[in-house]
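**Q** This is the structure I want to talk about, given as structure tokens.
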Amino acid sequence: MEKTNCKEDKNQGEPVISIQGLHKSFGALEVLKGIDLIVCKGENVAVLGKSGSGKSVLIKIIVGLLKPDRGSLKVLEKEVEALNGKELDELRLRIGFSFQSSALYDSMSVFQNLAFPLIMNVKHLAKKEVAEAVEEALEAVGLKDKAERMPAELSGGQRKRVGIARALILKPEIMLYDEPTAGLDPITSAEINELINEVQEKYNTSSIIITHDLTCAKNTCNRIVMLVEGKFLPSGKFEELFKTDNQQVKDFFSYNFIQ
Amino acid sequence: MIKGDTPKIIFSEQIDQYFMGVYSAYKFVIRFFKEVFVPPFHLRAIITQSYEIGVKSLALISVTGFIIGIVFTKQSRPSLEDFGAASWLPNLVGIAIIRALGPVLTALICAGKVGSSIGAELSSMKVTEQIEAMEVSAINPFKYLVVTRVVASTIMVPLLAMYCVFIGLIGSYINVHAGETTSFTTFFKDAFSSITFIDLSAATAKATVYGFTIGIIGCYKGYNATKGTHGVGKAANEAVVLAMFLVFLEEVIIVQVSNWVRYF
Chain A
227 MEKTNCKEDK
237 NQGEPVISIQ
247 GLHKSFGALE
257 VLKGIDLIVC
267 KGENVAVLGK
277 SGSGKSVLIK
287 IIVGLLKPDR
297 GSLKVLEKEV
307 EALNGKELDE
317 LRLRIGFSFQ
327 SSALYDSMSV
337 FQNLAFPLIM
347 NVKHLAKKEV
357 AEAVEEALEA
367 VGLKDKAERM
377 PAELSGGQRK
387 RVGIARALIL
397 KPEIMLYDEP
407 TAGLDPITSA
417 EINELINEVQ
427 EKYNTSSIII
437 THDLTCAKNT
447 CNRIVMLVEG
457 KFLPSGKFEE
467 LFKTDNQQVK
477 DFFSYNFIQ
Chain X
510 MIKGDTPKII
520 FSEQIDQYFM
530 GVYSAYKFVI
540 RFFKEVFVPP
550 FHLRAIITQS
560 YEIGVKSLAL
570 ISVTGFIIGI
580 VFTKQSRPSL
590 EDFGAASWLP
600 NLVGIAIIRA
610 LGPVLTALIC
620 AGKVGSSIGA
630 ELSSMKVTEQ
640 IEAMEVSAIN
650 PFKYLVVTRV
660 VASTIMVPLL
670 AMYCVFIGLI
680 GSYINVHAGE
690 TTSFTTFFKD
700 AFSSITFIDL
710 SAATAKATVY
720 GFTIGIIGCY
730 KGYNATKGTH
740 GVGKAANEAV
750 VLAMFLVFLE
760 EVIIVQVSNW
770 VRYF
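Protein sequence lines correspond, in order, to chains A and X. Quick note: the first sequence uses this note's numbering, first residue 227, plus one each step. Quick note: the second sequence uses this note's numbering, first residue 510, plus one each step.
In structure tokens, the structure reads:
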């Protein structure tokens, strides 16, 4: 059964993301058909599903990049639909978003990529303070020596790390990862998984991890939900889903292992 | 329309798309005017863009303006000599370059160089999710990317047009001086003798309008690009073609208006 509150698990805090009956269509294509999801403080939730199943659409709605057609969405106790531009920006400062393509500003160095959100959002920050914050974020992702590099000079894994560091620079309470291990080799994928866990431990974030990589989901998440044909299948821990009788879940798991 | 419904086709798909495009461009321009006077103003970004648009176009404008000045003078001299009016050459060159050639030539060069560069840069940022990355970092990408570029282009194109006029007149003077002993002062005095305040105002005003047009079209095409790398090329190409077309259209309208003011 889908979790309805955070009190079921004593190790977790209050809900930070609460979604009820969320619908989203693009023209005639209905991508999300009334989904419900609760993410508790300190929890890492993986959203699994096939490509094009609407996983990325879900986190783009959470961060206000897309508007839902119907349904309720509360993030950090704020009803996202009811927020004006300024309030939405204030909420966005509390959410870190790691893009599938990393989305690094290619005209800026790694240092500038990290400093940019800080300079634009925190007033009267001294150069030294910016440098220290960037250094701390780069250290957290193990790329302290790459500050002066341009994004084009980095490998895929390093770009992902810089993308995560940029999302962390404003010390968010929630992290949204869009396919963090897509297109990476198994060793780099394992490093990114480790980094996600380190981030959760160090910054005490709650996360939604969009992925179709079962290893990533298994190693980083407390709970896994599967998005199939616009709806969530019953969620659970990796081991629970692994033993489920649900044919769609079984198909997804067996296909991944064959791969 | 209920969200999620497929939009109805009113005329035909192409005609509907054309009007939707015009409406979306209108909304883009309105959004620019809503945001341009509201802080933050991102002055540093405006200065950077002004450098990119203005200073980096100087070499191209210098060469083109200089050549146009020489060629125009060379081509006009035989006709004027046939009428025994060779002494009117500086006046003719002055009128032609200040009223029309300088601003239009600068606008066309900037439409090609600046328009395509803005279109390609923004569209590439759009398709690689860099614009969305700004949004999720609580940075207004429209303000930071569009407003700064349009303001810079609106300021720099008239300045470049003035520079182009000056260089064009220098080129013309060198050509005139090669054939006769006209002094620099006499040439410029003659060149400006037929130029009125209305001419200077109209030239500056139209160069400002061209600057705005080039900036906003480049930004509009880039900011609304889709379909991956194909979209990047398409945005850059359309930014140049549409900006050039609009520059010519505006030239016709502004000439009519300035003539109407001149003879009113």
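Every residue, glycine too, gets a C-beta built ideally from N, C-alpha and C. All figures in this text were calculated on a predicted structure; none of them were measured in a lab.
Pull up the DSSP beta-bridge partners for A:Ser433, would you.
**A** For A:Ser433, which the question treats as bridged, DSSP gives the partners A:Asn270 and A:Met401.
**Q** Would you please verify whether the beta carbon of X:Ser646 is less than 8 Å from any beta carbon of chain A?
**A** Yes, X:Ser646 counts as interfacial toward chain A.
**Q** Chain A partners of X:Glu638, CB-CB under 7 Å?
**A** Chain A residues near X:Glu638: Phe325, Ser327 and Ala329.
**Q** What residues match up with A:Glu256 in a beta bridge as DSSP calls it?
**A** In the DSSP output, where bridge partners are listed per residue, A:Glu256 has A:Ser251.
**Q** With DSSP run on the structure shown, which of helix, strand or coil describes A:Arg296?
**A** Residue state, collapsed to three classes: strand.
**Q** To the nearest angstrom, how far is it from the Cα of X:Ile627 to the Cα of X:Ala661?
**A** Rounded to whole angstroms, X:Ile627 to X:Ala661 spans 12 Å at the Cα level.
**Q** May I ask you to list the residues that DSSP assigns as paired with A:Val265?
**A** Beta-bridge pairing links A:Val265 to A:Ile243.
**Q** Answer yes or no: do A:Thr407 and A:Ile418 have a C-beta to C-beta separation smaller than 8 Å?
**A** Yes, Cβ-Cβ distance for A:Thr407 and A:Ile418 is below 8 Å.
**Q** Check A:Ser277 in the structure and name its three-state DSSP category.
**A** Note: A:Ser277 maps to coil in three-state DSSP.
**Q** Should X:Gln765 go down as buried or exposed, given a rule of 16 or more other Cβ atoms within 10 Å for buried?
**A** Exposed, since its Cβ has fewer than 16 Cβ neighbours within 10 Å.
**Q** Please classify X:Lys583: does DSSP put it in a helix, a strand, or coil?
**A** Reduced to three states, the DSSP call for X:Lys583 is helix.
**Q** Do the CB positions of X:Pro599 and X:Ala700 come within less than 8 Å of each other?
**A** Yes.
**Q** Are the C-beta atoms of X:Glu759 and some chain A residue less than 8 Å apart?
**A** Not an interface residue.
**Q** Looking at the secondary structure, which residues open and close the alpha helix (DSSP H) in which X:Leu751 lies?
**A** X:Leu751 -> alpha helix (DSSP H) spans Gly737 to Tyr772.
**Q** Output needed in chain order: residues of the stretch 343-361 of chain A with a Cβ under 8 Å from some Cβ in chain X.
**A** Listed by position, the residues of the stretch 343-361 of chain A near chain X (Cβ gap below 8 Å) are Pro343, Met346 and Asn347.
**Q** Could you tell me the distance, in whole angstroms, from the CA atom of X:Thr722 to the CA atom of X:Asn649?
**A** So the two alpha carbons sit approximately 22 Å from each other.
**Q** To be precise: take each residue of the stretch 524-547 of chain X, compare its Cβ to all Cβ atoms of chain A, and keep it if any distance is under 8 Å. Which residues remain?
**A** Going along the stretch 524-547 of chain X in chain order, one finds no residue with a Cβ nearer than 8 Å to chain A.
**Q** Given X:Phe696, which residues of its chain have a CB within under 7 Å of its CB, disregarding the five upstream and five downstream residues?
**A** Once the five neighbours on either side are set aside, the close Cβ partners of X:Phe696 are Pro599, Tyr682 and Val685.
**Q** According to DSSP, is A:Gly409 helix, strand or coil?
**A** Coil.
**Q** Who are the neighbours of X:Ala711 on chain A, taking C-beta pairs under 8 Å?
**A** Neighbours of X:Ala711 on chain A: none; closest Cβ ~37 Å, over 8 Å.
**Q** Using CA atoms only, rank isn't needed, just tell me which of A:Glu424, A:Ile243, A:Val425 and A:Phe468 is closest to A:Lys444.
**A** Considering only alpha carbons, the answer is A:Phe468.
**Q** By DSSP's criteria, A:Arg190 is part of a beta bridge. Which residues make up the other side?
**A** Here chain A has residues from 227 to 485 only, and residue 190 of chain A is not among them.
**Q** Go ahead and label X:Thr573 buried or exposed: buried means 16 or more other beta carbons lie within 10 angstroms of its beta carbon, across all protein chains shown.
**A** Burial call: buried.
**Q** If you check the beta carbons only, do A:Ile243 and A:Ile390 fall under 8 Å apart?
**A** No, the pair does not count as a contact, with Cβ atoms beyond the cut-off.
**Q** To which residues of the same chain is X:Leu601 closer than 8 Å at the C-beta, ignoring the five residues directly before and after it?
**A** For X:Leu601, where only same-chain residues beyond five positions count, the Cβ hits under 8 Å are Ser585 and Leu589.
**Q** Can you list, in chain order, the residues of its chain whose CB lies under 7 Å from that of X:Val538, leaving out five sequence neighbours each side?
**A** Result list for X:Val538: Ile725, in chain order.
**Q** Among X:Cys728, X:Ser633 and X:Lys715, which residue has its Cα nearest to the Cα of X:Val655?
**A** Considering only alpha carbons, the answer is X:Cys728.
**Q** At a Cβ threshold of 8 Å, is X:Glu641 touching chain A?
**A** Yes, because at least one Cβ of chain A sits closer than 8 Å to the Cβ of X:Glu641.
**Q** Can you find the residues in the same chain that come closer than 8 Å, C-beta to C-beta, to X:Thr582, ignoring five residues on each side of it along the sequence?
**A** Excluding positions up to five away in sequence, the list reads Leu598, Val602, Gly680, Ser681, Asn684 and Val685.
**Q** Considering only their Cβ atoms, is the gap separating A:Lys281 from A:Ile239 smaller than 8 Å?
**A** The sequence given here has Gly at residue 239 of chain A, not Ile. Cβ distance not < 8 Å, so A:Gly239 and A:Lys281 don't count as in contact.
**Q** With C-beta atoms as the reference, is A:Val360 less than 8 Å away from A:Phe323?
**A** Not in contact: A:Val360 and A:Phe323 (Cβ atoms no closer than 8 Å).
**Q** Do we get a CB-CB distance below 8 Å when we pair X:Met510 with the residues of chain A?
**A** Note that X:Met510 scores a pLDDT of 41, beneath 50, so its modelled location is shaky and nothing firm can be said.
**Q** Ordered along the chain, which non-local residues of its own chain (more than five positions away) have a Cβ less than 8 Å from that of X:Ile511?
**A** Bear in mind that a pLDDT of 44 at X:Ile511, under 50, signals an unreliable position, so the number given afterwards is only what the model happens to contain. Hits under 8 Å: none found.
**Q** Could you tell me the distance, in whole angstroms, from the CA atom of A:Leu258 to the CA atom of A:Gln326?
**A** Those two C-alpha atoms are separated by around 20 Å.
**Q** To the nearest angstrom, how far is the alpha carbon of A:Lys353 from that of A:Leu344?
**A** Their Cα atoms are separated by approximately 11 Å.
**Q** Among A:Lys276, A:Glu365 and A:Asp332, whose alpha-carbon lies nearest the alpha-carbon of A:Val425?
**A** If we check each option's Cα against that of A:Val425, A:Glu365 comes out closest.
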